[in-house]
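At position 252 of the sequence shown the residue is numbered 252 (full-length UniProt numbering), and the sequence of numbers has no breaks. In this text, a Cβ means the ideal position worked out from N, Cα and C, and glycines have one as well. Here the structure is a predicted model, which is why all the values come from computation and not from measurement. See structure below.
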Amino acid sequence: MASKTPEGSLTSSSNTISVNTLADQVSSTLSLADPTNKKTSEQGESGKSSTCRPSTSSDISDESTCSSFSSSVNKPHKANDVRWEAIQAVRTKHGGLGLNHFRLLKRLGCGDIGTVHLAELNGTRCYFAMKVMDKTALASRKKLLRAQTEREILQCLDHPFLPTLYSHFETEKFSCLVMEFCPGGDLHTLRQRQPGKRFTEQAAKFYVAEVLLAMEYLHMLGIIYRDLKPENVLVRDDGHVMLSDFDLSLRCTVSLSIVRSSTNLSGSEGLSKSSVSCSQQPACIQQPSCISMAPTSCFGPRFFSKSKKDKKPKTDNGNHQVTPLPELVAEPTSARSMSFVGTHEYLAPEIIKGEGHGSAVDWWTFGIFLYELLFGKTPFKGSGNRATLFNVVGQPLRFPDSPVVSFAARDLIRSLLVKEPQHRLAYKRGATEIKQHPFFEGVNWALVRCASPPEIPKPVEIEPVNCTSPAVPATASTSVRSDQSNYLEFDFF
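Here's what the structure looks like:
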């Protein structure tokens, strides 16, 4: 039974395994292709809380909460990042880090609680994305808790497809987050530049595979994202993606369990609406590409061949028997929130109806996300916001005649966009169910990081700035989000 903590987080039954330990293991799996990546942090204890609790201090600094996560030592995916060394050098020399150590070069974007700027660390060629939030404006709009939640989530993250928080500091007026800069823009802008303003199915598969791994990691940490859309998926300089914006995320505690596989190991060609019949097999680490156009699949039947060479393993009594592969379930299914937050076209039906929602809303938005990448539009968009909400709740899913996409892609979208969350794909077993869907046949999940991206962004030319102490920019309190008319936030309680 979920219960509400004083900090506003939702908790379920106590953990049987350390969620942070498990999430670290899953995150480290993606580091196999990086021989220089060596993890040095200690794993969490069994039964340890899966989330970093909000700080009780009103004087927030970058060491106030989850301080063990604020250095490269405990973020192995960024262990060799020169930006860590540059920031540490400034801290050592000046005894701390502040706004005066950066040059704000230009505004990158504006969100609901702050403005993001491209910033250069003085005396270096290290560039960051700095989110600047006006503390007075946050307090007057009752957004302080949201800002604090986002900071604490960022401090706890270490994943190749999630942002790195290098530092957090405050001035008398502003709260600043120093994060990773993605020069490739966002997927919404990139989609607009594609022929027909849509991605090919192979390109869409690449992007959604990386997003899926990021969301799997978040759910293992007890974080429900709640704001997936192309605008929040940023493109790094190497063409891989990174989720951004966690101010709408819900933090809860997640329980882990290992269950026997419910899928058919021998394989099946049938697809159902809310479940899949193919299973995930060991990764083909010898394949040069994680996502291959060839029919050979990392989930392929060669691991369970019916030939004489590949007979099923024998048990001690001589009988042929295949033991189902165990599956890890780390989905925060017990979490419940009554918050009415998100973007109209991406809102799940249970949010609109005010029934309370949990982690299944992320899988609904994942289906909308895939649909938009493939078709260049969202499936339930109406003539206005009210019409859109009506369509989400009351209209069936329809696919346009053009472009033509595979049956597997349409089946995955159809399985995710089930209006009843309890019947939605991934409701019980999370990302594991989605990864086993035939749409992802050929994806080597352990080596997604080393796959060739569909597009490499052009190098960003950054013009030099004369001023070394730039004026603090206008913040979200005086700016308007580009999609503000499609942005909702309302709490029932």
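- In this structure, DSSP gives Pro326 an extended state, which the three-state scheme calls strand.
- In this structure, the straight-line span from the alpha carbon of Leu190 to that of Val116 is close to 19 Å.
- Residue state for Thr92 is assigned as helix, using DSSP reduced to three classes.
- Leu389 sits close to Ile352, with the two beta carbons spaced by under 8 Å.
- Under the Cβ criterion (8 Å, minimum of three pairs), the stretch 137-147 does not count as touching the stretch 91-105.
- Inter-residue distance for Ile224 and Leu425 is about 16 Å (C-alpha atoms, whole angstroms).
- In the three-state DSSP reduction, Tyr371 falls in the helix class (H, G or I).
- In the DSSP secondary-structure assignment, Glu150 is not bridged to any residue.
- Out of Lys173, Cys126, Phe128, Tyr166, the CA that lies nearest to the CA of Ala137 is found in Lys173.
- Phe380 places its beta carbon less than 8 Å from that of Glu345.
- Between Thr164 and Ser249, the C-beta gap is not smaller than 8 Å, which leaves the two residues out of contact.
- Closest in C-alpha terms to Tyr427, from the list Glu170, Gly382, Gly358, comes Gly358.
- Contact between Asp247 and Asn232 is absent: CB atoms are separated by about 11 Å, not below the 8 Å threshold.
- Non-local beta-carbon contacts of Ala119 in its own chain, meaning distances under 6 Å to residues more than five positions away in sequence, involve Phe102, Leu104, Phe128, Met130 in chain order.
- Here the alpha carbon of Glu216 sits roughly 10 Å from the alpha carbon of Glu210.
- Here the alpha carbon of His159 sits roughly 14 Å from the alpha carbon of Leu447.
- The shortest CA-to-CA distance from Val259 to any of Lys229, Glu331, Thr200 is the one to Glu331.
- Rounded to the nearest whole angstrom, the C-alpha separation of Val393 and Ile456 is 38 Å.
- Counting along the chain, the unbroken alpha helix (DSSP H) around Arg191 starts and ends at 187-192.
- Separation of Asn385 and Ala348 (C-alpha to C-alpha, rounded to the nearest whole angstrom) is 14 Å.
- One Cα belongs to Phe169, the other to Leu154, and the distance between them is close to 14 Å.
- Spanning the alpha carbons of Cys176 and Met133 requires a straight line of approximately 6 Å.
- Inter-residue distance for Ser339 and Val460 is about 39 Å (C-alpha atoms, whole angstroms).
- Boundaries of the alpha helix (DSSP H) harbouring Arg410: 407-416, taken from the DSSP string.
- One Cα belongs to Val235, the other to Arg251, and the distance between them is close to 25 Å.
- Residue range 135-140 is occupied by the alpha helix (DSSP H) that includes Thr136.
- Using a Cβ distance threshold of 8 Å, Ala214 and Phe161 count as a contacting pair.
- Measuring C-alpha to C-alpha distances from Leu228 to each of Leu157, Glu433, Ala360 identifies Ala360 as the nearest.
- When DSSP states are grouped into helix, strand and coil, His240 belongs to the coil group.
- Under the criterion of beta carbons closer than 8 Å, Gly376 and Lys197 qualify as touching, at roughly 4 Å.
- Excluding its 5 nearest sequence neighbours in each direction, Arg410 has C-beta neighbours in its own chain below 7 Å: Phe399, listed in chain order.
- In the structure shown, Phe380 adopts coil according to DSSP, grouped into three states.
- When the five nearest sequence neighbours on each side are left out, the beta carbons in the same chain lying within less than 8 Å of the beta carbon of Phe439 are those of Lys205, Ser406, Ala408, Ala409, Asp411, Leu412, in order along the chain.
- Residue range 165-170 is occupied by the beta strand (DSSP E) that includes His168.
- DSSP places Phe102 within a strand segment (E or B) once states are collapsed to three.
- According to the DSSP assignment, Phe174 belongs to the beta strand (DSSP E) that extends over 174-179.
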